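Residue 218 in numbering that gives the first Met the number 0 is what sits at position 219 of the sequence shown, and the numbering runs on without skipping anything.
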Amino acid sequence: MAEQPRRVPASTDDEHALVLFSGGQDSTAALAWALERFAGVETVGFAYGQRHSVELEARRSVLAGLRETSPAWGDRLGEDRVLDADILGQISDTALTREAAIAYDEQGLPNTFVPGRNLLFFTLAAALAHRRRIRHLVAGVCETDFSGYPDCRDDTVKALQVTLNLGMAERLVLHTPLMWLDKAQTWQLLEELGGEALVALARERTHTCYRGDRQHRHPWGYGCGACPACELRAEGWYRYRAMRGREPE
Ligand code: ZN
0 MAEQPRRVPA STDDEHALVL FSGGQDSTAA LAWALERFAG VETVGFAYGQ
50 RHSVELEARR SVLAGLRETS PAWGDRLGED RVLDADILGQ ISDTALTREA
100 AIAYDEQGLP NTFVPGRNLL FFTLAAALAH RRRIRHLVAG VCETDFSGYP
150 DCRDDTVKAL QVTLNLGMAE RLVLHTPLMW LDKAQTWQLL EELGGEALVA
200 LARERTHTCY RGDRQHRHPW GYGCGACPAC ELRAEGWYRY RAMRGREPE
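Below is the structure:
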């Protein structure tokens, strides 16, 4: 009699992780963190009508760079997927999806904020993790440099973990290794995880600028230098270098 295929229980695998990876500095640090901890790491990104394809290009470049930086990480890096989240473009009117100036509303929320964006991303990633039988989700969200994104808060992520596990009958674990780090400490984490090579990789290849500027090179990387994302990144870089007793460049 033919042997019945063994039914694999959902999300019991502690060896693998799925990282929400945008190609930015924070999700690159979260990805390196996962590569140090898990035997296999898959990545997922979301295309949602970004004004610039710069972000998606940065993802490819960073993934290639991680393979060059560490053969061990290269072995652990698994499949990369970009899911279509274009629907966000239909329900938002922000500087990320339209040609508009960066501005802040009366609550201090930047108009780059797509309401519930990370809630949607986590939910899509959890569904993918379920399909892939991956238990651990990793994201580079943090609330220390709180930029007005309420779905990056620790309480939000913890509540969402409970909700996803109830709603999907899962035992998913949502890891947020950057939650209590500021941007200087994130550069520090990159150094701890991958030395100067990973710092250089993050500096050259990751992208955070809201305007998608890859023309202007600063000590902290490429960007317009004036948008809130560039200001945050620059401020973190200079503080990190000062902390380490080094020149900015
Ligand atoms: Zn910028």
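Idealized CB from N, CA, C, for every residue including glycine. Owing to the predicted nature of the structure, the values given are computational and were not obtained by experimental measurement.
> Which runs of the beta strand (DSSP E) spanning at least 3 residues fall entirely within the stretch 6-91, listed in chain order?
Replying inline: 15-19, 39-46 and 76-83
> By the 10 Å Cβ neighbour count, where 16 or more other Cβ atoms means buried, how is Arg5 classified, buried or exposed?
Replying inline: For Arg5, the predicted structure reports a pLDDT of 49, less than 50, and the residue's modelled location is therefore unreliable. A value from the coordinates is still provided. Exposed.
> Under 8 Å, do Asp212 and Gly220 count as touching if we go by C-beta distance?
Replying inline: no
> Given a threshold of 16 other Cβ atoms within 10 Å of its Cβ, counted over all protein chains shown, does Ser52 qualify as buried or as exposed?
Replying inline: exposed
> With DSSP run on the structure shown, which of helix, strand or coil describes Gly244?
Replying inline: coil
> What are the uninterrupted segments assigned as alpha helix (DSSP H) that are 4 or more residues long and contained completely in the stretch 139-225, given in chain order?
Replying inline: 153-167 and 182-204
> Does the beta-carbon distance from Val43 to Leu19 come in below 8 Å?
Replying inline: yes
> Leaving out the 5 sequence neighbours to the left and right, which residues in its chain are closer than 8 Å to Val7 when beta-carbon positions are compared?
Replying inline: In this prediction, Val7 scores a pLDDT of 46, lower than 50, which makes its location untrustworthy; no coordinate-derived value is stated.
> Relative to the C-alpha of Glu190, which residue among Tyr148, Gln160, Gln24 and Leu17 is closest?
Replying inline: Gln24
>> With a threshold of 6 Å on Cβ separation, who are the neighbours of Cys229 within its own chain once the five nearest residues in sequence on each side are excluded?
In response: Cys208, Gly222 and Cys223
>> Counting C-beta neighbours from all protein chains within 10 Å, is the total for Gly244 16 or more, i.e. buried, or is it exposed?
In response: exposed
> DSSP puts Leu136 in a beta bridge; with which residues?
Replying inline: Leu17 and Leu173
>> So, with DSSP's three-state summary, where would you put Pro227?
In response: helix
> Near Glu14, which residues of its chain fall below 7 Å by C-beta distance, leaving aside the five closest residues on each side in sequence?
Replying inline: Phe37, Ala38 and Gly39
>> Please state whether the Cβ-Cβ distance between Gly193 and Ala29 is less than 8 Å.
In response: no
> On the three-state DSSP scale, how would you describe Gly235?
Replying inline: helix
>> Less than 8 Å between CB atoms is the rule here; does Glu230 satisfy it with respect to chain C?
In response: Of the chains in the structure shown, none is chain C; there is only one protein chain.
> Closer than 7 Å: is that where the CB of Ala57 sits relative to any heavy atom of ligand 1?
Replying inline: no
> With 16 as the cutoff for other CB atoms within 10 Å, does Pro247 come out buried or exposed?
Replying inline: exposed
>> I need the straight-line Cα distance from Ile86 to Ala241, nearest angstrom please.
In response: 42 Å
> How should Leu17 be labelled, buried or exposed, when 16 other C-beta atoms within 10 angstroms of its C-beta is the threshold for buried?
Replying inline: buried
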